[in-house]
Structure formats: structure tokens, C-alpha cells
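Residue numbers (the working numbering), protein chains in the order written: chain A, 1 to 325; chain B, 1001 to 1323. Some notes on the structure that comes next.
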Amino acid sequence: MAETLLSGKGLKKYYDVSAKNLFAKKKSDVVKAVDGIDINIPKGKTIALVGESGCGKSTLGRLLIHLIEPTEGEALFEGKDIYHLKGRDEKAFRKDASIIFQDPYASLNPRMKVKDLIGEPLLTHGMKDSKERYAKVAELMSISGLKTEYANRYPHQFSGGQRQRIGIARALALNPKLIVCDEAVSALDVSIQAQILNLLKSLQRAYDLTYLFISHDLSVVRYISDVVYVMYLGKIVEYGDPKTLYASPKHPYTRFLLDAVPIPDPSQKNRTKMIVEGDIPSAINPPSGCRFRTRCPQAVEKCAAEEPKLVGDTVSACACHFPLV
Amino acid sequence: MSDAILEIKNLKTYFKTRKGLNPAVDGISFNIEAGKITALVGESGSGKSMTAMSILGLVPQPAGKIMPESEIWFEDQDLTKLSERTLAKIRGNEISMIFQEPMTSLNPVYTIGKQLMEPLRIHQKMSKADARALALKYLEMVRVPDPERRMSSYPHQLSGGLRQRVMIAMAMVCKPKVIIADEPTTALDVTIQAQILKLLKDVQEQLNTAILFITHDLGVVAELCDDVCVMYAGQIVEKATVEMLFENPSHPYTAGLLKSLPRVDDDVDMLYSIEGMVPNLINIPEGCRFASRCPKAMEKCREKEPPKVMIETGHEVHCWLYE
């Protein structure tokens, strides 16, 4: 196993959503977006977080690069607790960890030229000399597959795929060690998605990058990741390497999730697949015990009474009282 | 083809823009057959949604225009030549629609029940009590739990999956001959998408409706549809049954698209990727629109528009390779 770059322990993020109205009944409503998660991100690998909307995958991604404060827990980046960094150490961490967002339309300032968008992190981190900075910008643009003559254009003059390349160039600007890709290819068309996925893969090889890849798309995750963490309502329900996990999922939820993915092959149209009933419950008052029990066909009393622990080793684990064989 | 219920012939929908004429849909022809699900698949900007809008007479005015040579035949009437009033009687009654975003297409200030009863009251002049009874029946059919209570709920009180079920019920309630479903599951989570697709298939089989299913997702096409039209830059490039298309994708665009899909059921080392991007429709290149991205492009491809070639029965490809 490769050495650990970043690890999270007991991470929790709660949001207080109780009514602040004077006349409201005194009742505290708390969204438990991330509820006690341990995660280990080895150097040079791609770790994927998958799950449906509202499962807390983006919140976890943001916690892990300290974009938001945790309610509880700690995260160690190269041995240092990222939530208590000060001064120079904090600045160094910000350089080492960056993020690519889902929506390249919303994440780029429309009034800035591309060269300044990509150059902004460089400026912030002290590259004051504009000649030097623009030379670096040009280099970043060509690495990300953008024509350097576009440096003076504005974001609206680019297509979605090109905008995502700008986002990638910007994320790469400070030679980071870790990049969080938050649904980085979800908004793109298939043919463009393939281009960006391949770019991310080749950049990883060239610069020894570590990715935390957040996605709802299990096919994309299988292609890009080394370890997959499956999340449901703020918890990790299962993790493992994609090959084994996809072939023999242990948690019923993972199985349902995989069965639900449409396969582009009509000969598999009539394969046996399980379709899960019902909707994802609210994260405000999640079900007791196992959170998946309300939709799980094999749930019994024990599932409501006792929360299953994540059982396994460093390679794979599953949180279910009655794992599938 | 005698059992075609909707015949689209040489449909052209153009848009006037400041930079020139944009041929969003440019001369497409295909049929929709009763009891079948026909897919219209393509990437963003390929003109698939605008095709749906053209069929329903909902092309944004005044910028958009269906060109005079276009024909859309439905029950011996050319929909493109009908007056707005006659069209309004067909729309939502004999041809209905399911949209992508159920939150924006349901009216937030009316209850689910009222919205479900509306087409029945307007199109079929039903009494309130009858309409209510039928609406309830359809809510049950799309398996909305506790339908009685849901009749008096507002759209914001329902989850995305439930809203889409309501949309399906609403589209079905007048027993239309054709349903146009525009990316009906794209905004939903996969487990909910699986539920909705199954439901759509079940209901379609029960009522023997024809569905035009618009999507960008080839997985969903393989899973659900019978026939497929692949669109690229406003034109249909390949037309076949689902089995033929996935077995033998013949247009270089279709083949490239299938190879660039990451698979949940297989390991891929390096994805194939189609270079470049969709051309700007305002200054479309001469010849084949895919030529600039096509690995097999010949000189001829850049000069003349490719012919429509029938490579096997029911499998049409618009490409010079098969001439």
C-alpha cells in the first residue's frame, strides 16, 4: 500500500436547520450531512466517493481540504492536522490541495480573462512578476489542452469542455499534491467527458497527483478510480477496489446502485436486476440503526436497533449486519 | 411502413440569430410506430429537443421557424400546417409530453389533483367527479403512495421521483397515442431513474402508446428503447433498431460515442475520445458535418453531403463510407 497523503478520522459535519422563528416550537433540527467518517487517501491514487444526491459526498470532499469547518473529527495531511494549521503551514496546505468544481460556468469569474483566471492562484502565492506569471499560465494552458492564443478571452467565449480545461489549469497552477474533483465531468457531453477523463488520467501519471474524485456516475468511477467509497446519508456503507466491489458488492445498497446503472448493451436488457423501492429519507432525522433499512428488502429488527459498523480491513469493508455473499 | 403513427418528413426548424440563420434541426425524417419506444439520442445542441418542440408546435416564436417544406404527419393531418387552435386540441390530448425538470413544468400554485384533472376537464369535457376518479386511478397506476392524500399536495411537497411519476400520470391521463419524453430521467438519481424507466415501460405496454424518448444516455437507450435515431448537429446520422445499432454501429460518430463510454460492467484501460467539438451551426462546413472530427474522413466528405445508405433492412446510415 502506498503511503498515506491525507486521512480523515471521525469526521462529522452537522448543519443546524431548526426554525429560528420567535414563535416556532423549540425543536432542534440538525442535518447530519457527514456523520462520522474515516477515510484514507493514499498518495498517487484516485479515491472515489459515490452516492446519490444528498449523501454528503461533496460535504466530505470540502471537509477534507478544509473549505468548511468540521463539527468534529480530524484530518491529517502529511501528518499535520489541517484544521489547526496557522500562517505559513496553512498557506502551504492551500498550495498542496486544490479543487475542480462541477459547473465550469459558475466557477469562473465572467469578468476575468482566462490568463488572469489561471494566473490568480499564482499571484496570490507571490508570483508578482507578470511576465513570469503569464509564461507559467501559457504552460498550464498547453498542459490542459487549451490553445495559448486564447489567453485573452473571457469564459463565455469557451464551450463547456474548454471551460472545464480552464478549471483544471487553474487547479494545477500551484503544483498541488491533491486535487478534489467534485463532479468534474458530470455536466459534460459523453465525447467531451472522455477527453477530460483521459486528460485527468494522463496528468495524474505525469505529475504524480492524488485525486479525490466525487461522482454519482458509477461507470465513470470504475474507469478512473483505485478505491471506491460508497456513501449513503452521511455514512460510508462500503469501500473496496472497483473491480471486486462491482463484481461482488457486499452491501445491499451498493448492489442496488450498481443494478440501477443502465448498460449500453441491449443484449443485457433482460439481466436480473434489483430495483430499490422508495426515496432517500431526509438527512434531518435519519432512520435509526442502519440508515438504509427503510429501503432494504432484507431488513430485520436488528437493523433498526443497532447501527452496523464498518467491518473489514484496509482494502475493503462493509457496514451491514447481513452482508451479501 | 403502415403502422407509423407519426411521420416526420424533412423537418427543418431554423432560428434567426444576430449572427445568421441557425439550422437547429436540418432536414430530418423518421417514423414513430405504435407500441414502440423510439429514441432520439444526441449530445447537447444536436437538435433533439427542438425536434420535440417542433412536433408539438412549441418552437419559440418569433425567432424560430419551421420551414415550409417540412411535414409532420399525424392521423392524416400535417401538424406543421394546422392552426394554433386545432393544434391545441391535439397537444396534451393525443400527443402529450413529459419534460426533464418536473419542478419547473408543474405549476407550483396548484395542487397535483387540480393539474391532473385539467387535461381531462379541458380536452374531454369531463365532470369534476369523473375527472377526479380517473386522476386517482392514474396516480395509483404510476404507483404514487397514498394517492388520495397526494391529490391535495403541491409540487414542492413531493420528491423529484414522485414529481416525475405525477408528470407521467399527467401525460397518460388522456390516453394519448404518442408521448414525447424529453430527458425524463436525467435530473434523477440512478436508483430513482431505474424505478421511473421501469414504470414508463410498464405503463407504455399497458396502454400501447408510442413513445418518442429523447436522451443523451446510450445506456438508457439500450435498456428501454426499440428503435434509435442518432442525431448530430441538427441531422440524423444513423437510424436502426436498438439491437442493430449497438451490435453494428456504422456511422463513425455512433461508433466513437459508444467507445467513449466508461462501462460499469467492464474495465477499460484508456477511453476512446472523439477529438474536437460540435461545429457551430451558423457557419456549417460543406459536406458531412462530422468530417472535421471523423477519423475516417475522406476528401469527398468535406465536399458533398453524404447520402443515406440502407446497409441492412431497417438500418440507415448517412455516410460516404457505405456508398
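Idealized CB from N, CA, C, for every residue including glycine.
What residue range is occupied by the uninterrupted beta strand (DSSP E) comprising residue i?
i	result
Phe1099 (chain B)	Careful: Phe1099 (chain B) lies outside any beta strand (DSSP E) and carries neither H nor E.
Met231 (chain A)	227 to 232
Glu335 (chain A)	There is no way to answer for residue 335 (chain A), as the model of chain A reaches only from 1 to 325.
Met274 (chain A)	Premise fails: Met274 (chain A) is in no beta strand (DSSP E) and is neither H nor E.
Lys13 (chain A)	4 to 16
Pro1023 (chain B)	1020 to 1033
Pro42 (chain A)	30 to 42
Gly1064 (chain B)	1064 to 1066
Roughly how many angstroms separate the alpha carbons of residue i and residue j, rounded to a whole number?
i	j	result
Asp226 (chain A)	Pro242 (chain A)	7 Å
Pro264 (chain A)	Phe1246 (chain B)	8 Å
Ile1196 (chain B)	Glu78 (chain A)	45 Å
His251 (chain A)	Gln1115 (chain B)	40 Å
Arg1085 (chain B)	Ile118 (chain A)	54 Å
Ala283 (chain A)	Cys55 (chain A)	8 Å
Thr1104 (chain B)	Ser1159 (chain B)	13 Å
Ile143 (chain A)	Leu197 (chain A)	14 Å
Ile1095 (chain B)	Met1310 (chain B)	30 Å
Thr124 (chain A)	Arg165 (chain A)	21 Å
Lys80 (chain A)	Val311 (chain A)	27 Å
Met1001 (chain B)	Lys1198 (chain B)	Confidence is the limiting factor: at Met1001 (chain B) the pLDDT is only 44, short of 50, which leaves the residue's position unreliable, though a coordinate-based value still follows. If I take the Cα positions, the gap works out to 28 Å.
Glu72 (chain A)	Val30 (chain A)	14 Å
Gly1314 (chain B)	Lys1012 (chain B)	23 Å
Lys136 (chain A)	His1216 (chain B)	37 Å
Leu291 (chain A)	Arg1018 (chain B)	Checking the sequence, you will find Arg at residue 291 (chain A) rather than Leu. Roughly 54 Å separates the two Cα atoms.
Val1059 (chain B)	Thr1080 (chain B)	11 Å
Lys113 (chain A)	Met127 (chain A)	18 Å
Ile37 (chain A)	Lys1137 (chain B)	45 Å
Ile1214 (chain B)	Gly51 (chain A)	25 Å
Ala317 (chain A)	Gly10 (chain A)	16 Å
Tyr1253 (chain B)	Gln298 (chain A)	44 Å
Ala138 (chain A)	Ala151 (chain A)	8 Å
Arg163 (chain A)	Gln193 (chain A)	12 Å
Ile303 (chain A)	Asp313 (chain A)	The displayed chain sequence assigns Cys, not Ile, to residue 303 (chain A). Near 22 Å, if we compare the C-alpha coordinates of Asp313 (chain A) and Cys303 (chain A).
Ser1273 (chain B)	Glu1243 (chain B)	23 Å
Lys1036 (chain B)	Lys201 (chain A)	41 Å
Gln1061 (chain B)	Lys1016 (chain B)	10 Å
With the cut-off set at 8 Å, would you say residue i and residue j are in Cβ contact?
i	j	result
Ala1131 (chain B)	Met1117 (chain B)	yes
Ser215 (chain A)	Val261 (chain A)	no
Met1172 (chain B)	Leu1139 (chain B)	no
Ser1044 (chain B)	Val1025 (chain B)	no
Val1190 (chain B)	Tyr246 (chain A)	no
Leu63 (chain A)	Pro70 (chain A)	yes
Ala1034 (chain B)	Ala1210 (chain B)	yes
Pro1119 (chain B)	Pro1155 (chain B)	no
Glu1223 (chain B)	His1318 (chain B)	no
Ser1083 (chain B)	Thr1111 (chain B)	no
If you follow the alpha helix (DSSP H) that residue i is part of, which residue opens it and which one closes it?
i	result
Lys131 (chain A)	130 to 143
Glu301 (chain A)	301 to 305
Ser1083 (chain B)	Ser1083 (chain B) -> no alpha helix (DSSP H), and no H or E assigned at all.
Tyr207 (chain A)	190 to 207
Lys1324 (chain B)	Since the first residue shown for chain B is 1001 and the last is 1323, residue 1324 (chain B) is missing from the structure and cannot be characterised.
Phe1290 (chain B)	Unbroken run through Phe1290 (chain B): none, as it is neither H nor E.
Thr59 (chain A)	57 to 64
Ala260 (chain A)	252 to 260
Glu1051 (chain B)	Glu is not the amino acid found at residue 1051 (chain B); the sequence shown has Thr there. Thr1051 (chain B) -> alpha helix (DSSP H) spans 1048 to 1056.
Lys1259 (chain B)	1252 to 1259
Based on DSSP bridge pairs, tell me the residues matched to residue i.
i	result
Gln1235 (chain B)	B:Tyr1232
His1315 (chain B)	B:Glu1312
Lys80 (chain A)	A:Phe77
Ala1240 (chain B)	B:Val1228
Glu178 (chain A)	Residue identity differs from the one stated: residue 178 (chain A) is Leu in this sequence, not Glu. Answer is A:Ala97, A:Thr210.
Leu49 (chain A)	A:Ile214, A:Tyr229
Tyr239 (chain A)	A:Tyr229, A:Ala317
Which bits of chain E does residue i rub up against, with CB to CB less than 9 Å?
i	result
Glu1243 (chain B)	Absent here is chain E; the protein component of the structure consists of chains A and B.
query: Just by C-beta distance, which residues in the stretch 1201 to 1233 of chain B are closer than 9 Å to chain A?
result: Here the close residues are His1216, Asp1217, Leu1218, Gly1219, Val1220, Val1221, Ala1222, Glu1223, Leu1224, Cys1225.
query: Mind listing which residues of the stretch 291 to 322 of chain A have their C-beta closer than 7 Å to chain B's C-betas, in chain order?
result: Residues of the stretch 291 to 322 of chain A that bring their beta carbon within less than 7 Å of a beta carbon in chain B are absent altogether.
- request: Determine which residues of the stretch 1022 to 1048 of chain B have a Cβ less than 7 Å from any Cβ of chain A, and write them out in chain order.
  value: Of all residues in the stretch 1022 to 1048 of chain B, Glu1043, Ser1044 have a Cβ within less than 7 Å of some Cβ in chain A.
message: Please list, in chain order, the residues of the stretch 157 to 190 of chain A that have any C-beta partner in chain B closer than 7 Å.
response: Listed by position, the residues of the stretch 157 to 190 of chain A near chain B (Cβ gap below 7 Å) are Ser159, Gly161, Asp189, Val190.
Against chain A: residues of the stretch 1179 to 1200 of chain B by CB proximity under 8 Å: Those would be Asp1189, Val1190, Thr1191, Ile1192, Gln1193, Ala1194, Gln1195, Leu1197, Lys1198, in chain order.
query: At a Cβ cut of 9 Å, what residues of the stretch 1246 to 1262 of chain B count as close to chain A, listed as they run along the chain?
result: Per Cβ criterion, the list reads Phe1246, Glu1247, Tyr1253, Gly1256, Leu1257, Leu1258, Lys1259, Ser1260, Leu1261, Pro1262.
query: the stretch 209 to 232 of chain A: which residues have C-beta closer than 9 Å to a C-beta of chain B, in chain order?
result: Hits within the stretch, in order: His216, Asp217, Leu218, Ser219, Val220, Val221, Arg222, Tyr223, Ile224.
field: Contact list for the stretch 1147 to 1172 of chain B against chain A, Cβ threshold 9 Å
entry: Listed by position, the residues of the stretch 1147 to 1172 of chain B near chain A (Cβ gap below 9 Å) are Ser1159, Gly1160, Gly1161, Leu1162.
- prompt: Mind listing which residues of the stretch 1266 to 1277 of chain B have their C-beta closer than 7 Å to chain A's C-betas, in chain order?
  reply: Only Asp1267, Val1268, Met1270, Leu1271, Tyr1272, Ser1273, Ile1274, Met1277 from the stretch 1266 to 1277 of chain B bring a Cβ to less than 7 Å from some Cβ of chain A.
task: Taking only beta carbons into account, state which residues of the stretch 49 to 61 of chain A come closer than 7 Å to chain B, listed in chain order.
output: Using a CB distance below 7 Å, the part of the stretch 49 to 61 of chain A facing chain B consists of Glu52, Ser53, ordered along the chain.
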